[in-house]
Amino acid sequence: MRIDLSDQKILVTGASRGIGQAIARQLAEAGAQVAVHFNRNADTAQHVADDIRHGALTFQADLSKPVEVVQLFDNVLARFGSIDCLVNNAGIALGTSIDSDDIAFTDSWSKTMLVNLHATGLLCKKAINHFTTNGGGRIINIASRAAFRGDTGDYLAYAASKGGVVSLTRSIARAFGKEGIKAFTVAPGFTRTDMAEDFIQKYGETYVKSDIALTTLTQPEDIAPTVAFLASGYADHATGTTIDINAGSYMH
Ligand SMILES: NC(=O)c1ccc[n+]([C@@H]2O[C@H](COP(=O)([O-])OP(=O)(O)OC[C@H]3O[C@@H](n4cnc5c(N)ncnc54)[C@H](OP(=O)(O)O)[C@@H]3O)[C@@H](O)[C@H]2O)c1
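The sequence shown begins at 927 in our numbering and counts up by one.
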């Protein structure tokens, strides 16, 4: 079996850093043309695109703003001509204490939902509309172990948003399979990225390591090959499924 994505154009959100960057690199290595989405880190995104080649281009959008979400998909479509696969990876994890005031809690909750769930839902909608007139396509949504296991008290919104991503993905798989659309969830556990560093600062590395069955923390490069496999079509009959990549820390 050989994974060859040379006939695929793939949009990866949040590809400037962390897991998204590793996914973009892996997909391009398999031959895909990648739309490298970023928000604030234009230089890093450009560096990724230059590095991975295969016609990769960068696209900026703040996914907390629905109008920019729509523009992102339309811009990629305009430049690439078509899209075969959407990888919703961009996400935020805002720690907010249950003791914070109600306004601060609501702000944090809303921002989390906008980026993690609303933007993902809207990009899925755009992709489904496109895929139905383009012979089908694949959606790979990056959720989290937190969707199944729950999270700490400071990350209630984060876990809730990722739970939403899981049911969104399952609904797409059920509703649009006949249109040739396949949808998958990848649920990482703790993975060594900037997002994880914030958590390590707060809870300590020992706490994080004590949670997993393996000896080393998961790296972004441990997530990316699964995404390439799902994009390849070899796993199409697993549509709707979730693949856990959490170093044996939680099975459900
Ligand atoms: N790391 C973990 O332990 C872990 C565990 C489970 C699930 N996940 C999930 O995996 C995905 C990637 O996480 P990561 O750890 O790689 O995160 P990260 O290192 O913090 O990178 C986040 C990415 O999302 C983009 N982003 C953030 N806010 C955005 C916004 N408002 N609009 C558009 N893009 C935005 C960033 O773009 P810029 O840098 O350009 O601003 C960046 O490319 C997320 O969905 C996360 O929930 C991570």
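The beta carbon of each residue, even a glycine, is placed where N, CA and C say it ideally should be.
Euclidean distance between Cα positions of residue i and residue j
| i | j | result |
| --- | --- | --- |
| I1018 | G1007 | 30 Å |
| D1120 | G944 | 7 Å |
| K1104 | A948 | 31 Å |
| A1099 | G1089 | 16 Å |
| D1161 | F1155 | For clarity, residue 1161 is Ala in the given sequence; the question names Asp instead. A1161 and F1155: Cα-Cα distance of roughly 7 Å. |
| A1072 | F1116 | 10 Å |
| Q1127 | N1060 | 46 Å |
| P992 | H1044 | 8 Å |
| H1163 | L931 | 18 Å |
| D1080 | N1015 | 22 Å |
| T1032 | V1041 | 14 Å |
| K1052 | T984 | 19 Å |
| R1075 | H973 | 36 Å |
| D1027 | K1037 | 16 Å |
| G946 | R1005 | 20 Å |
Short Cβ contact (8 Å threshold) for residue i with residue j
| i | j | result |
| --- | --- | --- |
| T1141 | I1171 | no |
| A1113 | T1165 | no |
| V1092 | T1078 | no |
| T1046 | S1034 | no |
| A975 | V996 | no |
| Q934 | C1050 | no |
| I1009 | H1056 | yes |
| S942 | F964 | yes |
| F999 | I1054 | no |
| A968 | Q952 | no |
| I936 | A1157 | yes |
| T1095 | A1085 | no |
| A982 | A954 | yes |
| L1173 | T1132 | Sequence check: residue 1173 is Ala here, not Leu. Cβ distance not < 8 Å, so A1173 and T1132 don't count as in contact. |
| G1159 | I1107 | no |
Simplified DSSP state of residue i, which is helix, strand or coil
| i | result |
| --- | --- |
| K991 | coil |
| D1077 | coil |
| Q1189 | Given that the chain is displayed from residue 927 to residue 1178, the structure contains no residue 1189 and the question cannot be resolved. |
| F985 | strand |
| F1116 | coil |
| D1137 | coil |
| A1109 | strand |
| T1167 | coil |
| R1005 | helix |
| A1161 | coil |
| F1129 | Inspection of the sequence shows that residue 1129 is occupied by Tyr rather than by Phe. In the structure shown, Y1129 sits in a helix (DSSP, three-state: H, G or I). |
| M1121 | helix |
| A1173 | coil |
Anticipated Cβ contact below 8 Å, residue i with residue j, distance rounded
| i | j | result |
| --- | --- | --- |
| S1070 | M1039 | Contact flag wrong, Cβ pair sits at about 14 Å. |
| L1020 | A1083 | 7 Å |
| I1138 | S1097 | Contact doesn't hold; Cβ gap of about 31 Å is too wide. |
| I1066 | V1013 | 5 Å |
| A956 | V938 | At roughly 13 Å, the Cβ-Cβ gap does not stay under 8 Å, so A956 and V938 are not in contact. |
Can you check the region 928-974 for any beta strand (DSSP E) of at least 3 residues that lies completely inside it and give the ranges in chain order? If you keep only unbroken beta strand (DSSP E) runs of at least 3 residues inside the region 928-974, you get 935-938, 959-964.
Could you give the uninterrupted runs of the alpha helix (DSSP H) lying entirely in the region 1008-1072, keeping only those of 4 residues or more? List check, alpha helix (DSSP H) in window: 1028-1039, 1045-1058.
Going along the chain, which unbroken runs of the alpha helix (DSSP H) with 4 or more residues stay wholly within the region 1081-1105? At a cut-off of 4 residues, the continuous stretches assigned as alpha helix (DSSP H) that sit fully inside the region 1081-1105 are 1082-1102.
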